[in-house]
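Residue numbers (the working numbering): 556 to 682.
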């Protein structure tokens with residue numbers, strides 16, 4: 556009887572391990588700097604407008620700390636090292652350049668922006 560209970564407990568543990576395990580890869584790919592899979596939670600990564608690379612927040616933070624240690628007053632992309640635009644207009648111009656260059660990630664981001672804008676104007680309410 557004790558063996559049967561232990562087997563059932565272990566079966567539940569294995570099921571939980573399988574159910575809640577993080578995937579080895581995500582549909583967002585890997586961070587091009589640390590090569591770890593990007594989290595499915597999009598708040599934990601960002602797209603760099605200058606090069607259209609998805610960077611994990613950890614690599615962005617490490618880059619900021621390195622720049623701070625070097626007394627660098629201008630924040631740069633951790634991937635391409637271009638300065639981060641200091642205004643929304645400049646950032647948008649860089650983004651449009653990437654779209655016009657047929658960058659797949661920039662084009663995807665443009666689609667996401669348009670979809671979100673459309674859903675916001677439609678006044679969709681789930682209740």
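Glycine included, C-beta positions come from ideal geometry on N, C-alpha and C.
Bounding residues of the beta strand (DSSP E) (the contiguous stretch that carries residue 608): In the chain shown, residue 608 corresponds to position 53, counting from 1. Start and end: 608 to 611.
Beta-carbon spacing of residue 563, residue 605 below 8 Å: Residue mapping note: residue 563 aligns to position 8 of the chain shown, counting from 1. Residue mapping note: residue 605 aligns to position 50 of the chain shown, counting from 1. For residue 563 and residue 605, no; Cβs fall outside 8 Å.
Length-filtered (4 minimum) alpha helix (DSSP H) runs lying within the stretch 593 to 665: 612 to 624 and 643 to 655
The stretch 583 to 596 / the stretch 607 to 617 touching (three or more Cβ pairs under 8 Å): yes
Contact belief for residue 631 with residue 637 at Cβ below 8 Å, rounded distance in angstroms: Counted from its first residue, the chain shown places residue 631 at position 76. Counted from its first residue, the chain shown places residue 637 at position 82. About 6 Å separates the beta carbons of residue 631 and residue 637, which is inside the 8 Å limit, making them a contact pair.
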